[in-house]
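> Let me give you the structure first, and then I'll get to my questions.
Residue numbers (the working numbering), protein chains in the order written: chain A, 115 to 449; chain B, 115 to 449.
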């Protein structure tokens, strides 16, 4: 099992990414990680590390990097030797089994589609993401790859996310909800109403519309929406979680009594913070591409990178793409 | 100043609504509140109250109530004597200056449009709502009245919310952001791109796209989006705030040390909770109707009801609708 890792992606530097790779290697004896980036730089960063794990770390030279705000189209067109293009090329040629990047997600998606192509029958690949809930995490798709969608696209998101959730979260037949503004059939915009009809008449485990309030309750395994709504749902949640932490801090700092309380409570506090921190949740699988790719949050911790690598290996091993194609074939008349 | 209050709306019962009305009356010497609901019931509930404020409380009989999940179209068509229909009728005939309801928001909106009509030039009335942020609250519109919108509708939301924010939040020239999935011009779905162009070429104080993350930062006064996205943004925020409280509780209950800490910190905690609780924030103004109406959260506290009544009076007094119509006239060629 060989996973390619964009060692230049993310906001926190490549040392942390290499830490993540080594943790993943430690946990799985058959795992190798290929680091992508400028060879000299990476050699230097790996050189001062010890431990048996480093033997399963290799470097592939990729001199160019794509910055967080670069246009995906430009990045793919003009930077043929970027870490993400080289990484997906390794996957294409069989030199790696999957690719993980915490870099520019639009560019990573574009590079994946360019190098690997789409799965047979898939109109629009997309990005799925896990949201923390009161119970198990819920998988929401799409979180930003496709901003203007048709119902057929959302229908395919349901198939892809449900295959992936079955595998990653060990769900037998994941329940699927359609994100809308009311639970009743008939509530929602035109796109939702059309998608509802498609899902309703399918054999998928569709439970109907779910509302924004339901996302964090954890009562459904998969939630489907277009990439515009999904991205805003994700970002608004991240923003609120961040703001809530700051508001709580401000309230605590207002009194000595609360400050004393904080001294006792801070461990519980930090577990809570971790639980809400999106950067802690492995990565977001690119679904619908002919291969395995995972996008991580730009501010991922080494733990998150380690989880994402394990997740990628898991997706390869359990052939999530085969499951998607197989399910899709049952509905070819519908898409 | 006479405000009509739907005394049967909301999840928490009419006693609490009457408490809210009396608090509002206490705060403003020229204020009268008209309670709407079954006369006998309300008479009984008012009878056992004392204080000078009750003299400015009157009752108008409205025998029918609309439940939270009733179809707005049906409610307006079949229940002519419902609290909301009777309430907006009072506004129409000048017997009340504004209407406040914590009931079914779709039905309240529909009743307002049916009874009062739209403001001159407004294509789609909508609902604005205040979101708590790290700084001043931000006004987001639309939060659910219009699920499928055109750019002209969003442009008008910008005008309406900005007039309302100027008044309610005492902003001189409120900054306006367009909710999208990237700050750069050109990011977003088709609707956002078209709306961006309209706002850009207007004289409104448009600062460009804002992302989901920016909502809670409080760096912008008004955020514009369609009602589908706005409703999901609101509901997902409410859901996350609720879930976060529960997650924190679970973490605290895990250790004795944290439980002790909680004892000291709980006051700060409860202020924090209030700050995040949407039900605490007065009400959501219906904008674009030819009159003043406010929708409150179903689980509004009496404080929230009191705030909403004051907000309604404020909107009447400061002629927010005149300001909307005036601004709109400057752009009639655009809409």
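Note that CB positions come from ideal geometry on N, CA and C, so glycine has one too.
Select from 221(B), 207(B), 169(B), 198(B) the residue whose C-alpha is nearest the C-alpha of residue 213(B).
Closest option to residue 213(B), Cα to Cα, is 198(B).
> How many angstroms separate the CA atom of residue 386(B) from the CA atom of residue 353(A)?
Distance between the alpha carbons of residue 386(B) and residue 353(A) is about 16 angstroms.
> DSSP puts residue 241(B) in a beta bridge; with which residues?
According to DSSP, which records beta bridges pairwise, residue 241(B) is partnered with 400(B).
> So residue 189(B) is in the alpha helix (DSSP H); what residue range does that whole segment cover?
Counting along the chain, the alpha helix (DSSP H) containing residue 189(B) begins and ends at 186–192.
> Please classify residue 446(A): is it buried, with 16 or more other beta-carbons within 10 angstroms of its beta-carbon, or exposed?
Exposed, since its Cβ has fewer than 16 Cβ neighbours within 10 Å.
> Measuring alpha carbon to alpha carbon, tell me which of 136(B), 144(B), 244(B), 227(B) ends up nearest residue 431(B).
Of the listed residues, the one whose Cα sits closest to residue 431(B) is 144(B).
> State the start and end residues of the unbroken alpha helix (DSSP H) segment that holds residue 219(A).
Residue 219(A) -> alpha helix (DSSP H) spans 219–230.
> Among the candidates 270(B), 244(B), 247(B), whose CA atom is the shortest distance from the CA of residue 232(B)?
Of 270(B), 244(B), 247(B), the residue nearest in Cα terms is 270(B).
> Is it right to say residue 128(B) is buried, meaning 16 or more other beta carbons lie within 10 angstroms of its own, or is it exposed?
The residue in question, residue 128(B), is buried, as its Cβ has 16 or more Cβ neighbours within 10 Å.
> Please check the pair residue 204(B) and residue 118(B), which I expect to be a contact at CB under 8 angstroms, by giving their CB distance rounded to whole angstroms.
Contact holds; Cβ gap of about 5 angstroms.
> Return the chain-ordered ranges of every alpha helix (DSSP H) run that is complete within the stretch 303–355 of chain B and spans a minimum of 4 residues.
Listed in chain order, they are 304–314.
> Cα separation between residue 436(B) and residue 317(B)?
In a straight line, the C-alpha of residue 436(B) is about 18 angstroms away from that of residue 317(B).
> Along the stretch 415–430 of chain B, where does the CB come closer than 8 angstroms to a CB of chain A? Name the residues.
Residues passing the 8 angstroms Cβ filter: none.
> Quick one: what's residue 253(A) bridged to in DSSP?
In DSSP, residue 253(A) forms a bridge with 244(A), 336(A).
> Can you name, in chain order, every residue of its own chain whose Cβ lies under 7 angstroms from the Cβ of residue 187(A), other than the five neighbours on each side?
Closer than 7 angstroms at the Cβ level, and outside the excluded window around residue 187(A), lie 224.
> Need the endpoints of the alpha helix (DSSP H) that residue 430(A) sits in, please.
Taken as a continuous stretch (DSSP letters only), the alpha helix (DSSP H) holding residue 430(A) covers 416–431.
> At a CB-CB cut-off below 9 angstroms, which residues of chain B make contact with residue 262(A)?
By Cβ distance, chain B contributes 303, 304, 305.
> Are the beta-carbon atoms belonging to residue 173(B) and residue 160(B) less than 8 angstroms from one another?
Their beta carbons are under 8 angstroms apart, which means residue 173(B) touches residue 160(B) by this criterion.
> Could you spell out the range, first to last residue, of the beta strand (DSSP E) harbouring residue 175(B)?
Start and end: 171–175.
> Buried or exposed: which applies to residue 377(B), given that a residue is buried once 16 or more other Cβ atoms fall within 10 Å of its Cβ?
By the neighbour-count rule (16 or more Cβ atoms within 10 Å), residue 377(B) is not buried but exposed.
> Given a cut-off of 8 angstroms, decide if residue 125(A) and residue 396(A) are closer than it, judged by their beta-carbon atoms.
Going by C-beta atoms, residue 396(A) is not nearer than 8 angstroms to residue 125(A).
> Distance, Cα to Cα, residue 348(A) vs residue 236(B)?
One C-alpha to the other measures close to 32 angstroms.
> According to DSSP, which residues form a beta bridge with residue 116(B)?
The partner list for residue 116(B) (beta bridge, DSSP) reads 146(B).
> Does DSSP put residue 233(A) in a helix, in a strand, or in coil?
Coil.
> Judging by CA-CA distance, which residue of 403(A), 132(A), 275(A), 357(A) is the nearest neighbour of residue 164(A)?
Minimum Cα distance to residue 164(A) is reached at 132(A).
> Kindly say whether residue 353(B), judged by its beta-carbon, lies nearer than 8 angstroms to any beta-carbon of chain A.
Cβ-Cβ to chain A under 8 angstroms: yes for residue 353(B).
> Would you mind sorting residue 207(A) into buried or exposed? The rule is 16 or more other CB atoms within 10 Å of its CB.
With fewer than 16 Cβ atoms within 10 Å of its Cβ, residue 207(A) is classed as exposed.
> Please state the DSSP three-state secondary structure of residue 296(B).
Three-state DSSP puts residue 296(B) in coil, outside helix and strand.
> From the DSSP output, in three-state form, read off residue 439(B) for me.
Correct three-state label for residue 439(B): helix.
> In whole angstroms, what separates the C-alpha of residue 168(A) from that of residue 375(B)?
Those two C-alpha atoms are separated by around 43 angstroms.
> With distance defined between alpha-carbon atoms, name the residue in 121(B), 122(B), 421(B) nearest to residue 282(B).
For the residues 121(B), 122(B), 421(B), the minimum Cα distance to residue 282(B) belongs to 421(B).
> Of the choices 390(B), 383(B), 434(B), whose alpha-carbon is the least far from that of residue 407(B)?
Minimum Cα distance to residue 407(B) is reached at 434(B).
> Taking Cβ-Cβ distances shorter than 8 angstroms, what residues in chain B pair up with residue 258(A)?
What residue 258(A) touches in chain B: 295.
> Suppose contacts are defined by Cβ-Cβ distances below 8 angstroms. Is residue 222(B) in contact with residue 265(B) by that definition?
Not a contact, by the Cβ cut-off of 8 angstroms.
> Comparing alpha-carbon positions, which option in 192(B), 275(B), 137(B) lies nearest residue 285(B)?
The residue with the shortest Cα to Cα distance from residue 285(B) is 275(B).
> Consult DSSP for residue 449(B) and reduce its assignment to one of helix, strand or coil.
Low confidence applies here, because residue 449(B) scores a pLDDT of 46, under 50, leaving its location unreliable; read the following figure in that light. Coil, per DSSP.
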